[in-house]
Amino acid sequence: MAQNVFAKGSQRKSVSNPSSTVTPAFGITGEVSSALQSLPIIQQSLQDIQHRLNGLDEVRLELQGVKEGLRKDLWGDDGLAPKIEYVAQQAEETGQNLETIMKENKSLRQELELLKSVVIRMDRKVSEQEKEITELKGCSMRDNLLIHRFAEKANENLMVEVPIEIKKVYGIDVRFVRIHRMGPMRNGKIPRIIVGKLEKYEMKEDVLQSQRQLRQQQQETPFHVSPQYPSSLVENRKHLSELQKKYTEQKVETKIKGNKLVFKNGNVYKDKVLVPRAEDVLLALDEEKEALGHIEVVTSEEKREKGNRFIANAAEAKTYGDVRKVYKKICSIPIHAQASHRILVYRFTDKDGKLIDGYMDDGEYGAGRNLLKHLEERRLNNVVCVVTRWYGGEHLGGMRFELMKDVATEAAQKLNP
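Everything in the sequence shown is counted per numbering that gives the first Met the number 0, starting at 0 for the first residue and increasing by one.
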């Protein structure tokens with residue numbers, strides 16, 4: 000009975016405490032409710048993810064389109080790849096052409112240097128040959144005698160008449176191997192010069208000595224005689240005589256010995272300015288060429304006469320260095336380098352107030368002297384002038400000096416208006 004009571008008590012106790020079985024049911028319901036409340040958020044997040052995935056698909060498609068476009072641009076018929084390949088081919092051909100050009104340029108430079116060397120060698124040879132020719136002319140003229148102002152008449156027999164007159168005037172018996180007048184007939188009062196080759200050199204010396212004695216006695220003669228020399232030597236002697244006169248005015252003692260002007264101390268006069276040689280022009284450094292290019296010169300109009308052409312270039316000069324630079328600049332210009340003559344004349348006052356002047360004929364004998372006198376008459380100073388002449392095949396006589404003066408005056412006036 001007691002057990003039944005206990006069993007009944009236990010049953011009542013278990014019925015009277017329901018919380019031990021009801022509480023779990025309420026926890027599950029809360030979690031479900033919370034999950035249901037979060038479901039929209041999850042759905043929204045999933046939708047956002049889906050949208051993003053869709054966007055990535057669009058990007059992927061877009062990238063695929065760009066990739067396809069790039070592929071076409073690169074590898075299509077009109078794409079970059081063929082163009083790059085073409086450019087590469089052109090670059091390769093250009094490289095080959097450049098290499099060929101460089102080789103040709105090197106070859107041309109070598110040929111140019113060779114030509115320069117040949118020209119320089121030829122110029123030296125020509126200078127040597129000119130000296131040899133002058134010496135040969137001097138030797139061939141050794142026995143020659145020039146007779147000036149000997150009356151000229153028609154049908155004259157110089158071989159007979161000249162020895163007779165020389166005997167009358169100088170008292171010397173002479174015999175000629177050949178004798179004639181120089182140049183063509185001309186309508187003038189001054190007779191043409193006679194040149195005669197004597198049988199013996201001593202005859203010439205005897206006549207010249209007799210003439211010196213008559214001059215010392217101040218006796219007049221109907222004609223006079225002189226030895227014959229090559230034109231270059233005659234002009235050089237005139238130039239040396241002019242220099243000797245200037246030095247005499249400065250009380251400097253000099254003597255003319257052969258083709259040299261010698262000072263008392265034994266030093267030989269040398270021109271301060273010379274005609275530029277081929278090697279001076281062709282071997283000039285780039286720096287010098289550039290400096291010469293900066294020298295300002297003025298140019299006259301060209302004058303023409305019977306195929307001959309004349310033109311003058313002038314510049315300012317205050318030193319011998321200025322003169323040399325201007326002369327070299329003009330002689331370095333191709334059109335002037337090929338000319339027949341480049342006559343130089345200059346006149347300037349140095350830093351000490353001394354008047355310096357001079358000229359260089361460059362084979363046009365007498366031109367420099369005439370031009371310098373022309374500058375003196377016009378009182379032109381601190382100027383250097385180069386008159387270029389291209390010989391046209393016909394001689395102009397004294398007219399050429401007048402044409403040179405005209406172009407020189409024009410250039411000098413442009414320099415000093």
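A virtual CB, placed ideally from N, CA and C, is assigned to each residue, including glycine.
Since residue i contacts residue j with CB under 8 Å, what's their CB separation in whole angstroms?
{"i": "phenylalanine 309", "j": "arginine 211", "result": "That belief does not hold up - the Cβ atoms of phenylalanine 309 and arginine 211 are roughly 41 Å apart, past 8 Å."}
{"i": "arginine 323", "j": "valine 272", "result": "5 Å"}
{"i": "serine 240", "j": "glutamate 409", "result": "So it is not a contact: roughly 31 Å between Cβ atoms."}
{"i": "glycine 195", "j": "isoleucine 146", "result": "7 Å"}
{"i": "leucine 242", "j": "tyrosine 268", "result": "6 Å"}
{"i": "tyrosine 326", "j": "valine 385", "result": "6 Å"}
{"i": "valine 280", "j": "cysteine 330", "result": "6 Å"}
Report the three-state DSSP secondary structure of residue i (helix, strand or coil).
{"i": "tyrosine 268", "result": "coil"}
{"i": "tyrosine 358", "result": "strand"}
{"i": "phenylalanine 149", "result": "coil"}
{"i": "tyrosine 169", "result": "helix"}
{"i": "lysine 254", "result": "strand"}
{"i": "asparagine 235", "result": "helix"}
{"i": "proline 162", "result": "helix"}
{"i": "leucine 379", "result": "coil"}
{"i": "glutamate 301", "result": "coil"}
{"i": "serine 126", "result": "helix"}
{"i": "phenylalanine 400", "result": "helix"}
{"i": "histidine 394", "result": "coil"}
{"i": "histidine 293", "result": "coil"}
{"i": "leucine 113", "result": "helix"}
{"i": "lysine 413", "result": "helix"}
{"i": "leucine 157", "result": "helix"}
{"i": "aspartate 405", "result": "helix"}
{"i": "leucine 260", "result": "strand"}
{"i": "tyrosine 364", "result": "coil"}
{"i": "glycine 137", "result": "helix"}
{"i": "glutamate 219", "result": "coil"}
Please report the straight-line C-alpha distance between residue i and residue j, rounded to a whole angstrom.
{"i": "glutamate 363", "j": "serine 139", "result": "23 Å"}
{"i": "valine 206", "j": "histidine 394", "result": "34 Å"}
{"i": "glutamate 295", "j": "aspartate 405", "result": "21 Å"}
{"i": "glutamine 36", "j": "leucine 62", "result": "40 Å"}
{"i": "valine 161", "j": "valine 173", "result": "9 Å"}
{"i": "glutamate 127", "j": "arginine 399", "result": "28 Å"}
{"i": "tyrosine 169", "j": "proline 221", "result": "11 Å"}
{"i": "leucine 282", "j": "lysine 288", "result": "10 Å"}
{"i": "valine 65", "j": "leucine 107", "result": "54 Å"}
{"i": "leucine 55", "j": "isoleucine 40", "result": "22 Å"}
{"i": "threonine 22", "j": "arginine 59", "result": "Legend: pLDDT at threonine 22 = 47, less than 50; position of this residue unreliable, no value from coordinates given."}
{"i": "glutamine 49", "j": "arginine 70", "result": "31 Å"}
{"i": "lysine 353", "j": "glycine 320", "result": "16 Å"}
{"i": "valine 86", "j": "glutamine 337", "result": "48 Å"}
{"i": "phenylalanine 347", "j": "glutamate 375", "result": "11 Å"}
{"i": "threonine 93", "j": "lysine 82", "result": "16 Å"}
{"i": "lysine 102", "j": "glycine 367", "result": "48 Å"}
{"i": "threonine 99", "j": "glutamine 89", "result": "15 Å"}
{"i": "aspartate 122", "j": "isoleucine 189", "result": "40 Å"}
{"i": "glutamate 131", "j": "lysine 413", "result": "42 Å"}
{"i": "glutamate 112", "j": "asparagine 96", "result": "24 Å"}
{"i": "glutamate 164", "j": "isoleucine 334", "result": "52 Å"}
{"i": "glutamate 91", "j": "asparagine 104", "result": "19 Å"}
Across which residues does DSSP place residue i in a beta bridge pair?
{"i": "proline 183", "result": "DSSP, once it has assigned bridges, lists no residue as partnering proline 183."}
{"i": "alanine 311", "result": "Val386"}
{"i": "glycine 419", "result": "No answer is possible for residue 419: it lies beyond the span of the chain, which begins at 0 and ends at 416."}
{"i": "tyrosine 345", "result": "Gly357 and Val383"}
{"i": "proline 226", "result": "Leu144"}
{"i": "histidine 340", "result": "Arg388"}
Taking C-alpha atoms, which residue in the options lies nearest to residue i?
{"i": "lysine 167", "options": "Ser209, Gly187 and Lys124", "result": "Ser209"}
{"i": "isoleucine 332", "options": "Thr318, Lys256 and Asn312", "result": "Asn312"}
{"i": "leucine 370", "options": "Leu402, Ile171, Ser230 and Asn264", "result": "Leu402"}
{"i": "glycine 257", "options": "Val233, Asp47, Lys250 and Tyr246", "result": "Val233"}
{"i": "methionine 184", "options": "Asn156, Gly170, Glu151 and Arg177", "result": "Glu151"}
{"i": "phenylalanine 175", "options": "Val159, Pro190, Lys263 and Ile189", "result": "Val159"}
{"i": "arginine 148", "options": "Glu57, Leu135, Met181 and Leu52", "result": "Met181"}
{"i": "asparagine 307", "options": "Gly391, Glu110, Thr220 and His50", "result": "Gly391"}
{"i": "isoleucine 192", "options": "Glu84, Val224 and Asp279", "result": "Val224"}
{"i": "asparagine 264", "options": "Val274, Thr253 and Asp47", "result": "Thr253"}
{"i": "lysine 372", "options": "Gly396, Asp361 and Leu343", "result": "Leu343"}
{"i": "lysine 203", "options": "Asn143, Asp56 and His50", "result": "Asn143"}
{"i": "proline 226", "options": "Leu374, Asn266 and Leu197", "result": "Leu197"}
{"i": "proline 275", "options": "His50, Asn156 and Lys328", "result": "Lys328"}
{"i": "tyrosine 228", "options": "Asn415, Thr133, Leu69 and Gln89", "result": "Thr133"}
{"i": "alanine 316", "options": "Lys250, Asn415, Val251 and Tyr246", "result": "Asn415"}
{"i": "tyrosine 200", "options": "Arg141, Ser116 and Glu164", "result": "Arg141"}
{"i": "glutamate 129", "options": "Ser230, Arg346 and Ala336", "result": "Ser230"}
{"i": "histidine 340", "options": "Thr348, Lys350, Arg346 and Tyr358", "result": "Tyr358"}
{"i": "glutamine 249", "options": "Leu135, Ile171 and Ile355", "result": "Ile355"}
{"i": "alanine 314", "options": "Leu379, Asn266, Leu97 and Val261", "result": "Leu379"}
{"i": "tyrosine 345", "options": "His335, Leu52 and Asp270", "result": "Asp270"}
{"i": "lysine 305", "options": "Tyr246, Gly396 and Asn266", "result": "Gly396"}
Closest Cβ-Cβ distance between residue i and chain D: below 9 Å?
{"i": "methionine 101", "result": "The displayed structure is made up of one protein chain only, and chain D is not part of it."}
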